[in-house]
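Protein chains in written order, with our numbering: chain S, 215 to 693; chain E, 215 to 693.
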């Protein structure tokens, strides 16, 4: 019997947070380091999580009329240069293919750091008439950014994401789309991943290179650092002009469409790990957990067959859930408890001889809220209810915590004091001037996150210059 | 009213087959040329087809215990060199990243031409004990091969595929896996795509670089050329030795596991287009068609609202199918008939004023088998039956044709005559000697496809040297 848990190898979350994070990723077999610096392997357990996330997000895109496509990874250098801001923003991070087969290429090819350039080039060939609009295309793909400092899931040279690229007849439609997607991201990240976010507009300095306006959702990690969890850009006509995309409108004049682009990435897996994990390891939200329910038989050597038989029956009854029966004999029940807690399975079902006798099973939620004996008749209902409740509680608990470390500041001193006492979000009023922003960044070593869409009605004074303003903005330290 | 069909721009399939193919791909908006030579864009309609194919194949992999993962695209040059045959086979086709950000890399990184090297490197870190076996991992990803001659879907510098990479305790298990997957490929390609294939073993000269044995499925295209539609490799211990993957077996000795790898790609879309298309354009198998049923209202200006209302009712009734109602007023019914035939929608439903009066609709299969009036009560059943029948007929018709151009030859002269009269597969007996194969290739400008698994019992004489042999092998011209 093998009873030593991997769990012991995970340091306390409240200790060295960064070590805890890496240990959880590796021990739960979500990912591993690849031989190339800054690259990662997403292991089957991590990839199953990503597949569930993909499916739920993809369904939301399709329900709002979007379709998927696939554009090439390789982008000619000259394309990246067409939008001036765009190339400035991305070129320091680009990886270049310079040789193919045995020959040097005449023009280096970029591995896509994002696909605006190649996609808008194709749109120029496809869009002719107002009847071709809107174009609502998304793609799921790999992305390459030559980052200096990397971290599993959060920042790697290659990662997986989705990127939507749309074209519209009017500026209003493009703005609607930008916010429609932002709301989809909020809904998905909060309700499926249980990660509360602030949805808002980025200040100029944090805009996507080439965008008119960038909106983001910002999550807060347990070490008090903000994580940008998704962005939605109103591109205006910047790319349609740069790539000369014109359509003949109903009034028989040629016009440039209005564009948007938006994306979330496998970085969200990092947000899930950090938000919900604890000293025992991972804790996965039921809606996306690869295994929602694990059944563990309690075997004593006697009546084992009856126990195993009831376990198999339970597995069958719960076939609508993602359920796993671990009936391996070489591991103790105790070892399995630790193992599946470490792997973040949200609900455990224990079946022992007494349970067989009583026609019941014992449900044990991963959140430590206690054990619940349930009759077989009630099992399916109770499992569904309990998983829903676990899902809701995960968001609620995380939201409470974020609120508890979100403060307001009217002076730089107050800002610094808040951050020292409760590392988290600090809300400030801001006049909108770049100099004021620069000074606040310099003094606090934080960065502006976004201007929340739901909180722009109170008048206050700019934390730096004292000018009256209605603009509220979140600041935080950041990944 | 716009009545000119795009169909007119598609040349006859029986004319210049290659021009027909390209026209269908472009006009049906399955794909487009990308700005980089040899690269393609998979457009939404083509990608929806690929998504349906993926879903059905992925379900088969998962039902046989496989899980998905994601490995990095970038592979160090030194890794590719670890398996001697492997590097020789692939290095002429590799694209190289030599610059990241602003710096030259110390070691060039290959864009994966296939992932044996990187995956087996990771396996060496993960596999310790016999309890870790089998490893049954698949990945869906993009692949890069610097090809000289390219063609939409069939051969491009970048394409999409799945690649399975497994490890097993014994040689027998690895061989079982190799054939299990081959059978999954046969089942999928024949029953879901309607493309008949020959499943067999490749001769030495056509083996995957680094494999012990390669099996393939070979389809035959309407121009009489064979298309390799999928491969499954028994890798023996070649890669586990090269990457030093060892496990401690139950008998307490260290052993090398046995490996397999296998893949099919977006090239299969090309096989579907060529096999089923006709002068009207595309014809997609119901099981993977993005739109299985298109509803076209026949509008006369009178009773239009009743017709449209019945159309919407039909759409609702058929919600379990992938159904589309085209109620656009700016196109005529005739234009829509052409459009959806060109796009290969397997079943059209027409609804006119008389149909409303009679409580019926008219079903029109894409295969030209005629029209069928069906009452609303029978609609769901009949639609399901008809789609099944269309699916089966597509395979059957294609199989009949392949059989009609598959011949046997006992001499080179007969071989050449057969090929001239009926370009297709030519079956020959072969002694197994490389010289005999070389001579047959030289004389006929064909290549050996595979040695069919189901037809190895008849004794015959080697077509070149006359030696008695039971080995039968298929030859054909090839893409």
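For every residue, glycine included, the Cβ atom is placed at its ideal position computed from N, Cα and C.
Proximity winner among the options, relative to residue i (alpha-carbon distances)
i	options	result
residue 604 of chain E	E:681, E:303, E:497	E:497
residue 401 of chain E	E:270, E:529, E:415, E:547	E:270
residue 511 of chain S	S:451, S:529, S:503, S:685	S:529
residue 570 of chain S	S:513, S:580, S:559	S:513
residue 599 of chain E	E:577, E:693, E:582	E:577
residue 284 of chain E	S:294, S:262, S:226, S:276	S:262
residue 403 of chain S	S:325, S:501, S:231, S:355	S:501
residue 664 of chain E	E:526, E:396, E:550	E:396
residue 243 of chain S	S:367, S:416, S:653, S:399	S:367
residue 651 of chain S	S:631, S:677, S:555, S:669	S:677
residue 601 of chain E	E:314, E:251, E:406, E:647	E:406
residue 350 of chain E	E:323, E:279, E:597	E:279
residue 630 of chain S	S:546, S:659, S:281, S:607	S:659
Inter-residue spacing [alpha-carbon to alpha-carbon] between residue i and residue j
i	j	result
residue 430 of chain S	residue 389 of chain S	14 Å
residue 192 of chain S	residue 373 of chain S	The question about residue 192 of chain S has no answer here: the residues shown for chain S are numbered 215 through 693.
residue 613 of chain E	residue 487 of chain E	15 Å
residue 438 of chain S	residue 693 of chain E	58 Å
residue 274 of chain S	residue 523 of chain E	27 Å
residue 257 of chain S	residue 539 of chain S	21 Å
residue 255 of chain S	residue 298 of chain S	34 Å
residue 580 of chain S	residue 558 of chain S	7 Å
residue 290 of chain S	residue 338 of chain S	16 Å
residue 592 of chain S	residue 479 of chain S	39 Å
residue 412 of chain E	residue 331 of chain E	29 Å
residue 393 of chain S	residue 307 of chain S	28 Å
residue 217 of chain E	residue 543 of chain E	Residue placement at residue 217 of chain E is flagged as unreliable, the pLDDT there being 39, under the threshold of 50; the coordinate-derived value follows with that caveat. In a straight line, the C-alpha of residue 217 of chain E is about 12 Å away from that of residue 543 of chain E.
residue 674 of chain S	residue 621 of chain S	15 Å
residue 495 of chain E	residue 541 of chain S	54 Å
residue 666 of chain S	residue 616 of chain S	15 Å
residue 369 of chain S	residue 481 of chain S	7 Å
residue 286 of chain S	residue 566 of chain E	44 Å
residue 443 of chain E	residue 485 of chain E	8 Å
residue 589 of chain S	residue 597 of chain S	11 Å
residue 492 of chain S	residue 555 of chain S	10 Å
residue 611 of chain S	residue 550 of chain S	26 Å
Three-state secondary structure assigned by DSSP to residue i
i	result
residue 280 of chain E	coil
residue 261 of chain S	helix
residue 449 of chain E	strand
residue 676 of chain E	coil
residue 255 of chain S	strand
residue 650 of chain S	helix
residue 343 of chain E	strand
residue 388 of chain S	helix
residue 235 of chain S	helix
residue 501 of chain E	coil
residue 511 of chain S	strand
residue 660 of chain S	coil
residue 291 of chain S	helix
residue 577 of chain E	strand
Contact list for residue i against chain S, beta-carbon separation under 8 Å
i	result
residue 662 of chain E	Neighbours of residue 662 of chain E on chain S: none; closest Cβ ~25 Å, over 8 Å.
residue 372 of chain E	286, 287, 288
residue 363 of chain E	In chain order: nothing, as chain S lies at least about 12 Å away.
Neighbouring residues, chain E, relative to residue i (Cβ below 9 Å)
i	result
residue 266 of chain S	Going along chain E, no residue has its Cβ under 9 Å from residue 266 of chain S, so there is no contact; the nearest lies around 12 Å.
residue 161 of chain S	Residue 161 of chain S is absent from the structure shown; chain S starts at 215 and stops at 693.
residue 677 of chain S	Under the 9 Å cutoff, chain E gives no residues; its nearest Cβ is about 35 Å from residue 677 of chain S.
Under 7 Å from the C-beta of residue i: neighbouring residues of chain E
i	result
residue 256 of chain S	283, 284
Contact set between residue i and chain S, taken where Cβ atoms lie within less than 7 Å
i	result
residue 253 of chain E	286, 288
residue 261 of chain E	282, 283, 284
residue 323 of chain E	250
Contact list for residue i against chain E, beta-carbon separation under 8 Å
i	result
residue 225 of chain S	Going along chain E, no residue has its Cβ under 8 Å from residue 225 of chain S, so there is no contact; the nearest lies around 22 Å.
residue 306 of chain S	315, 316
Under 9 Å from the C-beta of residue i: neighbouring residues of chain S
i	result
residue 246 of chain E	336, 339, 340
Proximal chain C residues relative to residue i, where beta-carbon distance stays under 8 Å
i	result
residue 351 of chain S	No chain C is part of this structure, whose protein chains are labelled S and E.
So, does the stretch 379-391 of chain S touch the stretch 470-479 of chain S, judging by three or more C-beta pairs under 8 Å?
Yes, since at least three Cβ pairs between the stretch 379-391 of chain S and the stretch 470-479 of chain S fall closer than 8 Å, the two stretches touch.
Would you call the stretch 445-455 of chain E and the stretch 415-426 of chain E touching, i.e. three or more CB-CB distances under 8 Å?
The stretch 445-455 of chain E vs the stretch 415-426 of chain E: in contact.
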